[in-house]
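A.B. asks:
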Amino acid sequence: MLLPGKVYAHEHIPIDLSEVKQNEDCHLDTIDQVIAEFKDLYHKGVRNVISMTNKGMGRNIPYANKVAKESGINIVQCTGFYQDAFLPIEVFRLSVSQLAEQMIKDIEVGIKGTDVKAGVIGEIATSKGQWTAAEEKVFQAAVIAQKETGCPISTHTSIGTLGHEQVAFFKRHQADLSHIVIGHVDLTGSADYVLEMLKTGVNVEFDTIGKNNYMPDATRVEMLKKIEKAGFTDQVVLSMDITRKSHLKVNGGNGYAYLLDSFIPQLKRAGISETFINKMLEENPQRIYGDINA
182 MLLPGKVYAH EHIPIDLSEV KQNEDCHLDT IDQVIAEFKD LYHKGVRNVI
232 SMTNKGMGRN IPYANKVAKE SGINIVQCTG FYQDAFLPIE VFRLSVSQLA
282 EQMIKDIEVG IKGTDVKAGV IGEIATSKGQ WTAAEEKVFQ AAVIAQKETG
332 CPISTHTSIG TLGHEQVAFF KRHQADLSHI VIGHVDLTGS ADYVLEMLKT
382 GVNVEFDTIG KNNYMPDATR VEMLKKIEKA GFTDQVVLSM DITRKSHLKV
432 NGGNGYAYLL DSFIPQLKRA GISETFINKM LEENPQRIYG DINA
């Protein structure tokens, strides 16, 4: 279960995409800097961070455990596989049922070599504007694992694409939409697009906050205003998806606290209610992730 308090619903403790991206900045392994920022988050009321670093993304349980111990923040681990370009060879070699068995073991027994149990299936991904056969295998396995364990699923949509298609897949396979989170929907830039997903009962994640090179925060604010007006306040969670050394405050980036120190004040100035803000930061993620292994 989660600790009472605020939740960052999509981060990476740590992450390493540097080999595929050919960019060392994409290896976020500066543990002392991360711990310092997490201590600051703790003082601001954050008690839980969902780490979406799965196999193939540089998952490192001892690293995450040290961050948690030093900062006091509960870090929830995940199981699953990411986007096609980052998939380990086993995804191509194993069957759907075998992949599902791996996920179930991570959830019920512990992630390989540790006694840490995964609390979320994620971030499972589709590529930009396309859904590869290997990615579909992962989604199929994730649904099997969810049905077996009740574990929530969190997804990656590349630059906001294929969100509707992901929802349609989950509906077709009779997954539990109330415990599915469609990620990176803020990058669509369209409240109407997101509202169509919310009407199905699925949850959505505004999780690239502060990445104004992808989408201005002003657009995110307007989207959330429309979502609140439409009455879908129970299905939205927030995070920043910090994945690079340069994203950290000490290196000139926004840092993890930007969500609380800058974005939340923007929401308040725009007239978004304290009730909705509290739901996004606490009540909604506590509902989605609250009954899982932590």
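When the letters of the sequence shown are read in order and numbered with the working numbering, they come out as residues 182 to 475. Just so you know, even glycine gets a beta-carbon here, dropped at the ideal spot from N, CA and C. The structure displayed is predicted, hence computed values, not measured ones.
(1) Since Ile340 contacts Lys293 with CB under 8 Å, what's their CB separation in whole angstroms?
(2) Would you identify the three-state DSSP class for Leu222, choosing helix, strand or coil?
(3) Please report how far the alpha carbon of Thr424 lies from the alpha carbon of His354, in whole angstroms.
(4) Under DSSP, the alpha helix (DSSP H) around Asn465 begins and ends at which residues?
(5) Is it the case that the stretch 411-425 contacts the stretch 462-469, given that we only count it when at least three CB pairs across the two stretches are under 8 Å?
(6) Give the DSSP bridge partners of His343, in chain order.
(7) Examine the Cβ distances between the stretch 245-265 and the stretch 432-441 and report whether three or more of them are shorter than 8 Å.
(8) Going by the beta-carbon positions, is the gap between Gly476 and Thr342 smaller than 7 Å?
(9) Could you tell me how far apart the beta carbons of Lys426 and Asp206 are, in whole angstroms, since I believe they sit closer than 8 Å?
(10) According to DSSP, is Ile408 part of a helix, a strand, or is it coil?
(11) Out of Ile254, Lys449, Ala281, which has the shortest C-alpha to C-alpha gap to Ile231?
(12) Going by beta carbon distance, what residues of the same chain come within less than 6 Å of Asp422, once the five residues before and after it are set aside?
(13) Under the assumption that Ile194 contacts Ala266 (Cβ atoms under 8 Å), give the Cβ distance between them as a whole number of angstroms.
(14) Out of curiosity, what's the CA-to-CA distance linking Ala315 and Gln283?
(15) Can you tell me whether Ala299 is buried or exposed? The criterion is at least 16 other CB atoms within 10 Å of its CB, across all chains shown.
(16) Which term fits Phe273, buried or exposed, when burial requires 16 or more other beta carbons within 10 angstroms of its beta carbon?
(17) For Leu280 versus Ala322, is the C-beta spacing smaller than 7 Å?
(18) Unbroken beta strand (DSSP E) runs of length 3 or more, entirely within the stretch 346-431: which are they?
(19) Going by the CB atoms, is the gap between Thr330 and Ile288 shorter than 7 Å?
(20) Helix or strand or just coil, what does DSSP make of Ala190?
(21) At the level of alpha carbons, what is the spacing between Leu198 and Asp213?
(22) Ordered along the chain, which non-local residues of its own chain (more than five positions away) have a Cβ less than 7 Å from that of Leu499?
(23) Mark Asn384 as exposed unless 16 or more other C-beta atoms lie within 10 angstroms of its C-beta, in which case mark it buried.
C.D. replies: Per the coordinate set shown:
(1) Counting from 1 along the sequence shown, the entry for residue 340 is found at position 159. Counting from 1 along the sequence shown, the entry for residue 293 is found at position 112. At roughly 32 Å, the Cβ-Cβ gap does not stay under 8 Å, so Ile340 and Lys293 are not in contact.
(2) For the purposes of this step, residue 222 is taken as the residue at position 41 of the sequence shown. Three-state result, Leu222: helix.
(3) As a first step, residue 424 must be located in the sequence shown, where it is residue number 243. As a first step, residue 354 must be located in the sequence shown, where it is residue number 173. Taking the straight line from one Cα to the other gives about 31 Å.
(4) In the sequence shown, residue 465 corresponds to position 284, counting from 1. Start and end: 465-470.
(5) yes
(6) For this step, residue 343 is matched to residue 162 along the sequence shown. The question names His, yet the displayed sequence has Leu at residue 343. Answer by DSSP bridge pairing: none, since Leu343 is not bridged.
(7) no
(8) Nothing about residue 476 can be reported from this structure: the residues present for the chain run from 182 to 475 only.
(9) Within the sequence shown, residue 426 is the residue found at index 245, counting from 1. Within the sequence shown, residue 206 is the residue found at index 25, counting from 1. Correct: roughly 5 Å between the Cβ atoms.
(10) Here the question's residue 408 lines up with position 227 in the sequence shown. Helix.
(11) Counted from its first residue, the sequence shown places residue 231 at position 50. For the residues Ile254, Lys449, Ala281, the minimum Cα distance to Ile231 belongs to Ile254.
(12) Translated into positions along the sequence shown, residue 422 becomes position 241. The answer, listed in chain order, is His191, Asp388, Thr389.
(13) Looking up residue 194 in the sequence shown gives position 13. Looking up residue 266 in the sequence shown gives position 85. Not quite, the Cβ-Cβ distance comes to about 22 Å (not below 8 Å), so this is no contact.
(14) Numbered from its first residue, the sequence shown carries residue 315 at position 134. Numbered from its first residue, the sequence shown carries residue 283 at position 102. Roughly 16 Å between the two C-alpha positions.
(15) As a first step, residue 299 is located in the sequence shown; it is residue number 118 there, counting from the start. Buried: at least 16 other Cβ atoms inside 10 Å.
(16) Taking the sequence shown and counting its residues from 1, one reaches residue 273 at position 92. Result: exposed.
(17) As a first step, residue 280 must be located in the sequence shown, where it is residue number 99. As a first step, residue 322 must be located in the sequence shown, where it is residue number 141. Their beta carbons are under 7 Å apart, which means Leu280 touches Ala322 by this criterion.
(18) 361-363, 384-387, 417-419
(19) The residue you call residue 288 lines up with position 107 of the sequence shown. The residue you call residue 330 lines up with position 149 of the sequence shown. Yes, the Cβ-Cβ distance between Ile288 and Thr330 is below 7 Å.
(20) Within the sequence shown, residue 190 is the residue found at index 9, counting from 1. Strand, per DSSP.
(21) Within the sequence shown, residue 198 is the residue found at index 17, counting from 1. Within the sequence shown, residue 213 is the residue found at index 32, counting from 1. Distance between the alpha carbons of Leu198 and Asp213 is about 20 Å.
(22) Nothing about residue 499 can be reported from this structure: the residues present for the chain run from 182 to 475 only.
(23) Here residue 384 is taken as the residue at index 203 of the sequence shown, counted from 1. The residue in question, Asn384, is buried, as its Cβ has 16 or more Cβ neighbours within 10 Å.
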